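Residue numbers (full-length UniProt numbering), protein chains in the order written: chain A, 1 to 231; chain B, 1 to 231.
A virtual CB, placed ideally from N, CA and C, is assigned to each residue, including glycine.
Here the structure is a predicted model, which is why all the values come from computation and not from measurement.
Below: one structure, written as structure tokens.
Number of protein chains: 2
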Amino acid sequence: MTTVRGARARARIEITAAIKDEARAQLAAEGAAKLSLRAVARELGMVSSALYRYFPSRDDLLTALIVDAYDAVGAAAERAAADSAGQRPLDRWTAVCRAVRAWAVAHPHEYALIYGSPVPGYTAPRDTVAPAARVGLALIGIVRLAHAGEGVALPPLPDALRPEAGRIAADIAPDLPPALAVALVAAWSQLFGLVSFEVFGQFHRVVEDRDTFFAAAARRLGQDVGLLPRG
Amino acid sequence: MTTVRGARARARIEITAAIKDEARAQLAAEGAAKLSLRAVARELGMVSSALYRYFPSRDDLLTALIVDAYDAVGAAAERAAADSAGQRPLDRWTAVCRAVRAWAVAHPHEYALIYGSPVPGYTAPRDTVAPAARVGLALIGIVRLAHAGEGVALPPLPDALRPEAGRIAADIAPDLPPALAVALVAAWSQLFGLVSFEVFGQFHRVVEDRDTFFAAAARRLGQDVGLLPRG
DNA sequence: ACTTAAATGAGAGCACCGCTCTTGATTGCG
DNA sequence: CGCAATCAAGAGCGGTGCTCTCATTTAAGT
Numbered sequence: 001m002t003t004v005r006g007a008r009a010r011a012r013i014e015i016t017a018a019i020k021d022e023a024r025a026q027l028a029a030e031g032a033a034k035l036s037l038r039a040v041a042r043e044l045g046m047v048s049s050a051l052y053r054y055f056p057s058r059d060d061l062l063t064a065l066i067v068d069a070y071d072a073v074g075a076a077a078e079r080a081a082a083d084s085a086g087q088r089p090l091d092r093w094t095a096v097c098r099a100v101r102a103w104a105v106a107h108p109h110e111y112a113l114i115y116g117s118p119v120p121g122y123t124a125p126r127d128t129v130a131p132a133a134r135v136g137l138a139l140i141g142i143v144r145l146a147h148a149g150e151g152v153a154l155p156p157l158p159d160a161l162r163p164e165a166g167r168i169a170a171d172i173a174p175d176l177p178p179a180l181a182v183a184l185v186a187a188w189s190q191l192f193g194l195v196s197f198e199v200f201g202q203f204h205r206v207v208e209d210r211d212t213f214f215a216a217a218a219r220r221l222g223q224d225v226g227l228l229p230r231g
Numbered sequence: 001m002t003t004v005r006g007a008r009a010r011a012r013i014e015i016t017a018a019i020k021d022e023a024r025a026q027l028a029a030e031g032a033a034k035l036s037l038r039a040v041a042r043e044l045g046m047v048s049s050a051l052y053r054y055f056p057s058r059d060d061l062l063t064a065l066i067v068d069a070y071d072a073v074g075a076a077a078e079r080a081a082a083d084s085a086g087q088r089p090l091d092r093w094t095a096v097c098r099a100v101r102a103w104a105v106a107h108p109h110e111y112a113l114i115y116g117s118p119v120p121g122y123t124a125p126r127d128t129v130a131p132a133a134r135v136g137l138a139l140i141g142i143v144r145l146a147h148a149g150e151g152v153a154l155p156p157l158p159d160a161l162r163p164e165a166g167r168i169a170a171d172i173a174p175d176l177p178p179a180l181a182v183a184l185v186a187a188w189s190q191l192f193g194l195v196s197f198e199v200f201g202q203f204h205r206v207v208e209d210r211d212t213f214f215a216a217a218a219r220r221l222g223q224d225v226g227l228l229p230r231g
């Protein structure tokens, strides 16, 4: 199906990749707002209208970059999870968190593209939902192992939250107790609160040693999902 | 000093306000990316160049909107803190959190303007730092009262975090113990992680009953800064 | 009260943007 | 080999932020 049919098909793949690379370079240099199709085409030595053979619109190019960014941060998270296999769950949790943060500070504009203000319409395109879930799934995986192992310690669920907790658990991890699922979703979003505040400059003149601050906060987040300090 | 000198000065104030109002309307309708000086001028019945007498650039207009947005969400937080005076600290904490969230979901584009991707340069203009601190200060105020009252319960500080914790405490609340200050900063950013994920659509098809989910998460955040369930 | 300087609005214009359409090669399949 | 799909290029449309010039109006100083 994806076999290269000929020189033309091969060229199309290469040019598509070149466009994305140049767009990514401009994104890293100036941010999504300044990304211009004309500048990308100019840098690639082609005319702007030719670019529309590969991406039907600027938003579609951005969507491609969004998918790639989700995949990149998701891969970083999964790699951290894999590299920390065998360690204690809480250490693995913080390793994944730190991997996410490291990727974010290394690629601030790409991070802003996916976890900042949604720049196109209100709803994300279909293609982005699966890549967007990878970080969350990596976190779930670690907690799942801990739950199967020595178990996790969680406070009881408020009655009002019980129905919603059941829904969430059914959606993201039917094998986990509802209280754990809802704690996971909360911790997941709070992790990106920490990262976003750092990347977007809200910690300016507030937090200096961000590495150790983040490590401690991430560890605390792990405890909030029931991971034990001496598991 | 701010006395109105004449009709011209009065008109300038009114026109400046009208420009901001129209810009805010367009912001709410289409988002910051689509905000156009020309469209604002057109809607106000003036020519685009005339608008530059009031705002030197589009970014300056946006900065004005940013300041207003910070003030609006800060005022909402302070109002929630004032209205809940006398209640138990943890309830007041969640009240402030819910006020922030309520403002955010009511003004998603303005929220995105201040807590989404920073659209102008990397560093926020000077005028924004004071208004941006209001929500944090409201939270600090509540915890400070709780600390002066029946006290707060916090886990011990890791040794590695001790220097940074001292710095943070000196910056934001010298009267509070360092462990509490660092927990506050973390909870502060995590609060906006929860809100951002909801406003930016990351909770789509994950969290349904967002009111109760958020209330529980905010309450847990309050416990993370040492507020006691039955204080 | 008169003059003078500052403030304001209008208009033209520049460079850039996303995007569309047409035209003429080039490629590859039947 | 011929025909259809693919592609680069160019011109062009309406839009943008922003600058400059030029009247006109207002406010202040003498």
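- Distance check between Leu176/A and each of Gly45/A, Phe200/A, Leu139/A places Leu139/A closest, using alpha-carbon atoms only.
- In the structure shown, Tyr54/A falls within a coil segment according to DSSP collapsed to helix, strand and coil.
- Pro155, Leu157, Pro158, Ala160, Leu161, Pro163, Glu164, Ala165, Arg167, Ile168: these are the residues of the region 154 to 169 of chain B whose beta carbon lies less than 9 Å from some beta carbon of chain A, given in chain order.
- Residue state for Ala17/A is assigned as helix, using DSSP reduced to three classes.
- Non-local C-beta neighbours of Leu51/A in its own chain, meaning closer than 6 Å and more than five positions away in sequence, comprise Leu37, Ala41, ordered along the chain.
- Listed along chain B, the residues sitting closer than 7 Å to Glu208/A by beta-carbon distance are Glu164, Arg167.
- Scanning chain A for C-beta atoms nearer than 9 Å to the C-beta of Ile142/B yields nothing, as the closest lies near 18 Å away.
- For Ala69/B and Pro108/B, the gap between their C-alpha atoms comes out near 11 Å.
- Here the region 181 to 194 of chain A lies against the region 151 to 166 of chain A, with 3 or more beta-carbon pairs under 8 Å apart.
- By the criterion of a C-beta distance shorter than 6 Å, Arg210/B is surrounded in its chain by Glu198, once the five residues flanking it on both sides are discounted.
- Runs of beta strand (DSSP E) with 3 or more residues, each lying fully within the region 47 to 107 of chain A, are absent.
- Listed along chain A, the residues sitting closer than 8 Å to Ser196/B by beta-carbon distance are Tyr115, Ser189, Phe192, Gly193, Ser196.
- Cβ neighbours of Ala39/A within its own chain (closer than 8 Å, five residues either side excluded): Gln26.
- By the beta-carbon neighbour count (other beta carbons within 10 angstroms, threshold 16), Arg126/B is exposed.
- Ser196/B counts as buried, since at least 16 other C-beta atoms from the protein chains shown sit within 10 angstroms of its C-beta.
- Distance from the Cα of Gln190/B is smallest, within the candidate group Thr212/B, Pro163/B, Arg219/B, Val206/B, for Arg219/B.
- Where Ala170/A is concerned, the enclosing alpha helix (DSSP H) starts and stops at 162 to 172.
- The three-state secondary structure of Asp209/A, taken from DSSP, is coil.
- Scanning its chain for C-beta atoms nearer than 6 Å, with the 5 sequence neighbours on each side dropped, one finds around Phe55/A the residues Leu61, in chain order.
- Contacts with chain B (Cβ-Cβ distance below 8 Å) from the region 19 to 49 of chain A involve Gly31, Ala32, Ala33, listed in chain order.
- Taking 8 Å as the upper bound for CB-CB distance, Ala77/A and Ser84/A are not in contact here, some 11 Å apart.
- Neighbours of Asp83/B in chain A, taken as residues whose beta carbon is under 9 Å from its own, are absent, since the nearest beta carbon is some 22 Å off.
- The residue among Arg53/B, Gly6/B, Gly74/B, Ala160/B with its C-alpha nearest the C-alpha of Thr16/B is Arg53/B.
- Taking the Cα positions, Ala80/A is about 32 Å away from Ala215/B.
- Looking only at His204/A, Ser49/A, Gly226/A, Met46/A, the smallest Cα-Cα distance to Ala133/B is reached by His204/A.
- Not one beta carbon of chain B lies nearer than 8 Å to the beta carbon of Asp71/A.
- A Cβ-Cβ contact shorter than 8 Å links Val225/A with Ala187/A.
- Its chain contains Ala41 as the residues whose beta carbon lies nearer than 7 Å to that of Val47/B, once the 5 sequence neighbours on both sides are disregarded; these appear in chain order.
- Ala7/B carries a helical assignment under DSSP once its states are collapsed to helix, strand and coil.
- Contact between Gly74/A and Val143/A is ruled out by a C-beta separation of about 17 Å, above the 8 Å threshold.
- In this structure, Pro131/A sits away from Asp59/A, with a CB-CB distance that is not shorter than 8 Å.
- Under a criterion of Cβ atoms nearer than 9 Å, the residues of chain B adjacent to Phe213/A are, in order, Leu161, Glu164, Ala165, Ile168, Val182, Val185, Ala186.
- Among the CB atoms of chain A, one or more fall inside 8 Å of the CB of Arg220/B.
- Close to Asp224/A, with beta-carbon spacing below 9 Å, are these residues of chain B in chain order: Arg220, Asp224.
- In this structure, the CA atom of Gln223/B is about 44 Å from the CA atom of Ala23/A.
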